Amino acid sequence: MIPSEALISKAKDRQFTRDPERAPTEDFHDILFDLEKEGEWEVQRVPEPYVEVETKYGRKKKIPLQHTWHHKSCGQCGHIPGYSTSIFWINRKLGFDYIDPTDQTSCTAWNYYASATSNAAAQAAVAMRNFAAAAETSYFPIIHCGTSFGHYKETRQQLIHSPELRRQVRDILKRLGKKFVIPEEIVHYSEWVHAVRDRIAEHQTRNMSMIRATVHPACHYHKLIAEDAVYDPEIYGAQRSAIITGTLKAIGVEVADYSTWFDCCGFGFRHILVSRDFSRSFATMRKIEVMKEEANPDVTVTHDTGCVTTLDQSQFAAQAHNRNVGVPVMSDSQIAALAMGAHPYKVLQLHWHSTDNKPFLQKVGIDTDKAWQEFEAAVEKLKSGEQQYLTWEDADA
Amino acid sequence: MPEQPILIIGGGPAGMEAARAIADLGYHAILVEKRNRLGGTPDEAGYAALTPDFRNAGEAMAEMAARIENNPFVNLKLNSTVTAASGSVGNFEVTIQNGQASEKINAGAVIIATGFQHFDPGRETQQYGYYEFDDVITLVDLEKMLRAHNVVRPSNGKPPERLCFIQCVGSRDRQIGNEYCSKVCCGIASKEAIEVRQQLPNCKVFIFYIDMRMYGYWENQIYWPAQEKYKVNYVKGIVTEVLKKGDRLLIRGEDTTMGRPMEIPMDIVVLSVGMEPSAGTCELAKIFGVQQNKYKFIETLGGALDTVTTSVEGVFACGAATGPADLEDSVSSAAAAAMKAIAAVRKHRPLE
Ligand SMILES: Cc1cc2nc3c(=O)[nH]c(=O)nc-3n(C[C@H](O)[C@H](O)[C@H](O)COP(=O)(O)OP(=O)(O)OC[C@H]3O[C@@H](n4cnc5c(N)ncnc54)[C@H](O)[C@@H]3O)c2cc1C
Ligand code: SF4
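Line by line, the protein sequences are chains A and B. Position 235, counted from 1, in the first sequence is what numbering that gives the first Met the number 0 calls 234; the numbers after and before it change by one each time, with no gaps. Position 326, counted from 1, in the second sequence is what numbering that gives the first Met the number 0 calls 325; the numbers after and before it change by one each time, with no gaps.
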């Protein structure tokens, strides 16, 4: 009899080849530039120096290092302000030049994905207005929110394929006195974190090797226009998006797998709006409890506003029912900043998170009582009117 | 002046049949095949038995090859491919590359029979874990094991107690962009299910499907025997993901008949991967400038009434290069292409 090994390869020996030619859609870069040649719009180039990463089908995506314009998210600023602060803090530590803009509107993605939307032209106009605002500064837009990121990519697809939509949006922008300009790439902040992960590791001051983490990838990151998400052969054999996992590995965190990795965090747009209990049970029972049972992580790391909020802030309800929950949740920018020595409260602002993260911080070697006192002292200065806001120097003090 | 020969590219079932038909009619064919042997994908992938009659695939391909090997009307060029072409019907000038050597030949007409490739389940449906779990395999992998009479779990070499097929992997999927039905996988999965039950009577076999598509006689030849004689369980509802649970696999999906989610442990999960145009088909379409359809198969222009004429006069296509096809379809369209190619050459015979 032929031995079974000779007949069939093991998963690790199977040859997976990524071929850009076989992506389900045409390469949008070519079309962006063709349309630019035809005078349809301007394309804002990714500024040098950039890092080239590979997307799902092996196409290249340019991630700028510097000169970035940070498109934030409504949910993030309200629920997890430390998420963007951490991104800026990392930029500063790496000596990168960036802009924290004030000329930005909310994207309209929440309404869009909750089926409460206006029309395609209105939505595309909001996206293009924000891109124009970035281009005016000559800084390159980086999108913090997975929802905006997914929505902007869908909008790009619509604009590429509909001359009529382009005409409508161009007219709207003209009235706003804005240029019709589209960025060469739509970049999510976690792609930037991924691209600079080795530099983050070089600046690491805290040992993370005793930490075990699970990863939740945002659906809007890797399931919408999937051909534009970053994949790396080194990470899950290019079978799952490399974002977050690659960063955690670079800073020495052990990443543990669990069986509901592909599942949504529970947010689901309509659910969070009209059936919030469903979101809560999904987040805790399908994600957090499964992680606990199968991987027992110290922390779970994600990269989207909705995911951090839903996974973190749903746990209190489950806790009240004595369920097996209690996993701190944070974004990849927060844990990366922490590894580089950022203050857990002044920079990461972990006091905004509702699941107890002290045991995790203590495991990283942080004296949480002391850190809290430092934070309170800083807040005192604001209360007394001695200072109006905290500065970066305060954050590092 | 004798007619120019007809160039056939691809030595699979379609190309072999086209060459035979041309030779039988007393015309000359040049057959270019990039592998070192004839037989196409059934040979390369090592299919065991063929639908619908369980005929030995190796034997069947060898029989087709024997009809054209040593045939004075067929000039076989193995290990070769076409790299450039110019000219038009009646006189194409084609460059054939064989290793380092390249030669130019003239042909009156061209038949592209460069076939298909199996959908790669790691490219899109990553949730099925083909590149992560040893015991997730494809229809093609299972063919090899059936051929060797050694169906075992790749993870531990033991025979499976429960094995399932997931249909339409990479086909009928708007998300992926392959909206078409690959036509053969329902029949092949049912055929393999029967063979598994024959070889391992204690193994429970399940097929998860959207709807089973059996062509013509396959209904009676394979589908009913699979259920009635071999007790294969057909479950309507597509599987969404494959997970690892202990040393087994857990499939998760929806049973649409019962209207509820399901989770079932399995020892082997077989992905019924469908067909996509082969790299050769895409290359040749570019070299000859023939139109491809939105799935990149070669477009034929005659609708139902002419399945082999392409957008370039004198260039024909047949078999799985034009879209998903079983052997019957492939061989029939090959004969049609041979006939049309000869007609084209005769019509454009240069005046003496
Ligand atoms: C899993 C599976 C199982 C199947 N089992 C059955 C079955 O049991 N019964 C059945 O009826 N059908 C079956 N089929 C379908 C069957 O395989 C096809 O109908 C048949 O192979 C099509 O023949 P073809 O000659 O068109 O293409 P292919 O068999 O793909 O042959 C194409 C040939 O072209 C050559 N080629 C490609 N590119 C170039 C190039 N650039 N230059 C030169 N040569 C080139 C290739 O090497 C190959 O030899 C199965 C299909 C699948 C997916
Ligand atoms: S033949 Fe069956 S398995 Fe294959 S694509 Fe069609 S319906 Fe799906």
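Backbone N, C-alpha and C define an ideal beta-carbon position, used for all residues, glycine too. Note that the structure is predicted; figures quoted are calculated from it, not measured.
C-beta neighbour in chain A for residue i, strict 8 Å
| i | result |
| --- | --- |
| K235/B | no |
| K76/B | no |
| I7/B | no |
| D140/B | yes |
| M144/B | yes |
| F132/B | yes |
| A47/B | no |
| N149/B | yes |
| E282/B | no |
| A337/B | no |
| R34/B | no |
Span of the beta strand (DSSP E), counted from its first residue to its last, around residue i
| i | result |
| --- | --- |
| A237/A | Run containing A237/A: none; DSSP gives neither H nor E here. |
| P276/B | M274 to P276 |
| T116/A | Where T116/A is concerned, there is no enclosing beta strand (DSSP E), given that its DSSP letter is neither H nor E. |
| Y208/B | K203 to Y208 |
| N90/B | N90 to N97 |
| H70/A | T67 to H70 |
Residue i classed as buried or exposed, judged by whether at least 16 other C-beta atoms fall within 10 angstroms
| i | result |
| --- | --- |
| L30/B | buried |
| S137/A | exposed |
| P327/A | buried |
| T204/A | exposed |
| L37/B | buried |
| Q116/B | buried |
| F205/B | buried |
| M0/B | Here the model assigns M0/B a pLDDT of 43, short of 50, so the residue's position is not dependable and the matter cannot be decided. |
| M127/A | buried |
| A100/B | exposed |
| F91/B | buried |
| N78/B | exposed |
| V273/A | exposed |
| T301/A | buried |
| T321/B | buried |
| W217/B | buried |
| S85/B | exposed |
Bounding residues of the alpha helix (DSSP H) (the contiguous stretch that carries residue i)
| i | result |
| --- | --- |
| T50/B | Where T50/B is concerned, there is no enclosing alpha helix (DSSP H), given that its DSSP letter is neither H nor E. |
| N232/B | Unbroken run through N232/B is the beta strand (DSSP E), N232 to K235; no alpha helix (DSSP H). |
| I187/B | C184 to Q198 |
| M60/B | A56 to A65 |
| L310/A | T304 to Q312 |
| Y151/A | G145 to H160 |
| R146/B | L138 to R146 |
| R19/B | P12 to D23 |
| Q333/A | D331 to A338 |
For residue j and residue i, the rounded distance between their alpha carbons
| i | j | result |
| --- | --- | --- |
| G156/B | M63/B | 35 Å |
| R34/B | G245/B | 42 Å |
| S278/A | F53/B | 51 Å |
| A319/A | S313/A | 11 Å |
| T280/B | T113/B | 5 Å |
| I67/B | Q198/B | 35 Å |
| F359/A | T101/A | 34 Å |
| Q361/A | R322/A | 24 Å |
| C167/B | I136/B | 14 Å |
| G193/B | R239/A | The sequence shown places Ile at residue 193/B, rather than the Gly named in the question. In a straight line, the C-alpha of I193/B is about 34 Å away from that of R239/A. |
| G398/A | K293/B | Because residue 398/A is not part of the residues shown, which for chain A are 0 to 396, the question remains open. |
| S87/B | G39/B | 28 Å |
| A237/A | F266/A | 26 Å |
Cutoff 8 Å: residue i Cβ touching any chain B Cβ
| i | result |
| --- | --- |
| S258/A | yes |
| A341/A | no |
| P358/A | no |
| Q238/A | yes |
| Y388/A | no |
| L31/A | no |
| I7/A | yes |
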